[in-house]
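Q:
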Amino acid sequence: MRVTNLITLLSLAGACSSPDAARTTDTTTSAPMPEPPDTTRARTVTAQSDTLKVVRQQHPFSAPGAPDVFTLAVRGTSLLTGEATFTITDATGQVIFREMLSSADLEASMVYEMKTPTATPAKREAFIRRRLDTFFAERNFHKPALGPQETYAPGDLDRATWDDLHQRPEAVSFHYLVGKEDKRRIVWSPLKKQVVRLASFGG
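FYI, in mature numbering (1 follows the signal peptide of the UniProt record, and there is no 0) the residues of the sequence shown are -21 to -1, 1 to 182.
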């Protein structure tokens, strides 16, 4: 009788514990495993990988005593086909001017130096490099931005802004050539609180 009762108790205990054990096993095996980070998809090209040449120069421009950073960065597969980004960043890190220039914009004035009808790719690239290296030369910055003998001419700038700049001997303009003959000059306008373009500068 004791043996019979013992067998019965063991059977009941096994019946009660089996579902729990099964559930525990199921929970362990079915829980989703976190996927490892996919390092195989990391980008092989960085933002700077296509940068061919960068030139920078600090110079007073938008605020006295706090030089701005003038930057010209050429990106692409070749200096002969790349694109240049011209930016001016103030002392607080804010970009106050941005302009896109093509390699053709930088190369076009080479025609005035050529002794032959054509130039080799190596000579063309050397010319562009020289343009880049001298783009922010000191001779391209002028103070005052507007000379005392200059007179207003209708164009890119309104009269009120021009008059304000004309009365500021501390204003600095920057001159640069685009293409063969587009002689541009820009200046920071305290009145407008932005970079404005003045009439083209002379030869």
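Every residue gets a Cβ at the ideal spot worked out from N, C-alpha and C, and that includes glycine. In this text the structure is predicted, and so the values were computed from the model without any measurement.
Restricting to Cα atoms, I'd like to know which of S81, P46, P43, L177 is closest to G134.
A: L177
Q: Can you tell me whether DSSP reads Y91 as helix, strand or coil?
A: helix
Q: Closest to A70 by CA distance: which of T130, P46, D112 is it?
A: P46
Q: Short of 7 Å in beta carbon distance, which residues of its chain neighbour T140, apart from the five on each side in sequence? Order them along the chain.
A: S168, L170, K171, V175
Q: Can we say the segment 77 to 97 touches the segment 147 to 163, given the rule of at least three CB pairs closer than 8 Å?
A: Below 8 Å, enough C-beta pairs join the segment 77 to 97 and the segment 147 to 163 to call them touching: three or more.
Q: Quick check on this structure: which residue in F153, Y155, Q128 has the alpha carbon closest to the alpha carbon of H145?
A: Ranked by Cα distance from H145, the options F153, Y155, Q128 are led by Q128.
Q: Quick one: what's got a C-beta closer than 8 Å to S179's C-beta in the same chain, skipping five residues either side?
A: D161, K162, R163, R164
Q: With a 10 Å radius around its C-beta and 16 neighbouring C-beta atoms as the bar for buried, classify T99 as buried or exposed.
A: Its Cβ having fewer than 16 others within 10 Å, T99 is exposed.
Q: State yes or no: is the C-beta of L121 within less than 8 Å of the C-beta of V74?
A: According to the sequence as given, residue 121 is His; it is not Leu. H121 is not a Cβ neighbour of V74, given a cutoff of 8 Å.
Q: When the Cα of A42 is compared with those of F115, A105, E117, I67, which residue comes out closest?
A: Looking at F115, A105, E117, I67, the one whose alpha-carbon comes closest to that of A42 is I67.
Q: Cα-Cα, which of F114, R147, A132 is closest to Q36?
A: F114
Q: Where L125 and T60 are concerned, what is the direct C-alpha to C-alpha distance, given to the nearest angstrom?
A: 35 Å
Q: For the alpha helix (DSSP H) containing D143, name the first residue and the last one.
A: 138 to 145
Q: Over the uninterrupted beta strand (DSSP E) stretch that includes L80, give me the two end residues.
A: 74 to 81
Q: For D84, count the other beta carbons within 10 Å of its own beta carbon; 16 or more makes it buried, fewer makes it exposed. Which is it?
A: buried
Q: Within a Cβ cutoff of 8 Å, which residues of the same chain sit near K32, ignoring the five residues on either side of it in sequence?
A: A52, V53, L58, R108, L111
Q: Taking the continuous alpha helix (DSSP H) assigned at E104, which residues delimit it?
A: 100 to 113
Q: For L85, which of helix, strand or coil comes out of DSSP?
A: helix
Q: With DSSP collapsed to three states, give me the class of E149.
A: DSSP, read as helix, strand or coil, puts E149 in coil.
Q: Is E117 helix, strand or coil by DSSP?
A: helix
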